[in-house]
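Chains D and Y supply the protein sequences, listed in that same order.
In terms of numbering that gives the first Met the number 0, the first sequence has 61 at position 62, counting the first letter as 1, and numbering is strictly consecutive.
In terms of numbering that gives the first Met the number 0, the second sequence has 51 at position 52, counting the first letter as 1, and numbering is strictly consecutive.
Structure first, commentary second.
Number of protein chains: 2
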Amino acid sequence: MVSFVSNYQDQTQLLVAVDCIIFGFDNDEVKILLIKRNFEPEKGKWSLMGGFLQPNETATNAANRVLETLTGLQDVYLEQVHTYTDPNRDPVERTVSITYYALIKIEDHNEELSKQHSAHWFSLKETPELIFDHQQMVNHAINRLRYKTSVQPIGFELLPEKFTMRQLQKLYETILNEEIDKRNFAKKINQMDVLIKLEEKDMSSSKKGSFLFQFDKDKYENMAKEGFSFKL
Amino acid sequence: MVSFVSNYQDQTQLLVAVDCIIFGFDNDEVKILLIKRNFEPEKGKWSLMGGFLQPNETATNAANRVLETLTGLQDVYLEQVHTYTDPNRDPVERTVSITYYALIKIEDHNEELSKQHSAHWFSLKETPELIFDHQQMVNHAINRLRYKTSVQPIGFELLPEKFTMRQLQKLYETILNEEIDKRNFAKKINQMDVLIKLEEKDMSSSKKGSFLFQFDKDKYENMAKEGFSFKL
DNA sequence: AATATTAAGTGTATTATTTACATTTATAAA
DNA sequence: TTTATAAATGTAAATAATACACTTAATATT
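Below, the structure written as structure tokens:
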């Protein structure tokens, strides 16, 4: 019998960080929140917001902390994506990075805080050059988001409480990167029966105005318990 | 402007490990390879095979190393699943664990090596009690495998080079945990046109014998380049 | 040599889902 | 009052998924 666990004492310890891919939606396109490095190395380049894992902190805790630091938001939708371990990925010192993507409602975030961190929202199609392996992280997160939004109703995390059918459709179109027929879209969404149609209309987009909807989270969760699955 | 990156020097370093969920298929059910702990804590309980991340090693390197140590196999299909960071997940010392699942052909592995590690194959339905958070890791890996096998032709990694249509079907039935009609299954697989039907028959399962097939990896990859996607 | 046994191999009809597509309507602005 | 604009809505056609049963090839038995 060979002992398969080496002595814990002899083992190398490493820095462990989390990096957050923060997604927002501005009614027209999906954006990510990046911060500008004002120190070397890679000063002037843009990067994801990150932070080191602290003693007694889970990676999820750390991601929440990092997120709150930059946006002021708590209780944000977060999902772990992938862990990057290339020994040379960070030129300063070897760091393992665990990535999370966050879905926030752009209008909710604290602009003062993000200004303090020289943060800026970028359209996914116009991201600037990123440090290290951050572009890869972003790509991976987008793929995961694409998959997840199509099988779970997490898209609503990116929209205001009340939204129009067109906003919702536009959101899915941008995330999935495909055009959708509006009648077919409405049909599919309505069939799933997870939206509450309000009396209220949004008058900003047209003369006729368009009805506002809300996501019925309780109803969805009850249906999910009964085996229903969201599928777009 | 607030400096968002703390000094690297001040930061806590942690042990980082990989744990491998090793899947195999024995023509009847999906199994995982577990090792029995012969030391405290949790002596006598079963666990995943794991190992610490070494200097200059990526997590994928580490997973490959761990896998070769236990099975003698190289170039095995490996996919990172999730990273576990609860500060108390390992009672001996705080350890971050990155999990990978591996798909191997059971008959290819080195039994001598696995015997040396007190390893044993368990049916997924009859896994023994596992240490720490290893059961959670297994569950997560199964879910990922379920998803991945249905959108990429990785199931073949679990089968011998030559296999019958029924073996392939049985494999999918066990992974996806649902019965499939054999005519519909064959139709779907044949439509995708990624199998080579051999002249050869396997005579072990019936008097009539059943034709053997091979996965045409090159053809699949060319088709994938052209936008084709495997979907079961 | 004939017969029995067993899993392999195969096709069609039905149902459900997805896609394509155009007109009317409510409201504000002119 | 008219005009302009996006919102709202339904149906037919095409495609995909499902349900379902008999014939065949080879071995084993008599």
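A virtual CB, placed ideally from N, CA and C, is assigned to each residue, including glycine.
Looking at the DSSP output, isoleucine 195(D) shares a beta bridge with Gln213(D).
In this structure, the alpha-carbon of asparagine 176(D) lies about 15 angstroms from that of alanine 140(D).
For glutamate 78(D), the enclosing beta strand (DSSP E) covers residues 76–83. As computed with DSSP, histidine 119(D) is found in a beta bridge with Leu33(D).
With a cutoff of 8 angstroms on beta-carbon distance, arginine 64(Y) and isoleucine 130(Y) are scored as not near each other. By the Cβ criterion, the region 111–119 of chain Y is in contact with the region 20–35 of chain Y, since at least three pairs of Cβ atoms, one from each stretch, lie closer than 8 angstroms. Distance from the Cα of valine 80(Y) is smallest, within the candidate group His133(Y), Asp217(Y) and Ser205(Y), for His133(Y). Shown here for lysine 200(D): same chain residues with a beta carbon closer than 8 angstroms to its own, the five before and five after excluded, namely Gly208, Ser209, Phe210 and Leu211 in chain order. Residue contact check for isoleucine 97(Y) against chain D: a CB pair falls below 8 angstroms. Per DSSP, threonine 98(Y) is one residue of the beta strand (DSSP E) stretching across 94–102. Burial state of methionine 202(D) is exposed, judged by a 10 Å Cβ sphere holding fewer than 16 other Cβ atoms. Pairing glutamate 172(D) with arginine 93(Y), the inter-Cα distance amounts to about 43 angstroms. Considering only beta carbons, the part of the region 69–91 of chain Y lying closer than 7 angstroms to chain D consists of Gln79, His81, Thr82, Thr84, Asp85, Pro86 and Val91, in chain order. Residue contact with chain Y for glutamine 166(D): absent (no Cβ-Cβ distance below 8 angstroms to any residue of chain Y).
The continuous beta strand (DSSP E) containing leucine 14(Y) extends over residues 12–24. Along the region 50–68 of chain D, going in chain order, the ones with a CB nearer than 9 angstroms to a CB of chain Y are Gly50, Phe51, Leu52, Gln53, Pro54, Asn55, Glu56, Thr57, Ala58, Thr59, Asn60, Ala61, Val65 and Thr68.
In the three-state reduction of the DSSP assignment, threonine 163(Y) falls in the strand class. Collapsing the DSSP output to three states places glycine 49(D) in a strand. With three or more CB-CB distances shorter than 8 angstroms, the region 96–107 of chain D counts as touching the region 14–26 of chain D. Taking C-beta separations shorter than 8 angstroms and ignoring five residues to either side along the sequence, the partners of glycine 49(Y) in its chain run Ala16, Val17, Asp18, Cys19, Val65 and Ser96, following chain order. For glutamate 128(Y) and leucine 123(D), the gap between their C-alpha atoms comes out near 45 angstroms. Within the DSSP secondary-structure output, lysine 200(Y) pairs in a beta bridge with Phe210(Y). In the DSSP annotation of this structure, leucine 72(D) is not part of any alpha helix (DSSP H), being labelled neither H nor E. If you ignore the 5 residues before and after serine 149(Y), its C-beta comes within less than 6 angstroms of the C-beta of Leu231, all in its own chain and listed in chain order.
The continuous alpha helix (DSSP H) containing asparagine 142(Y) extends over residues 133–150.
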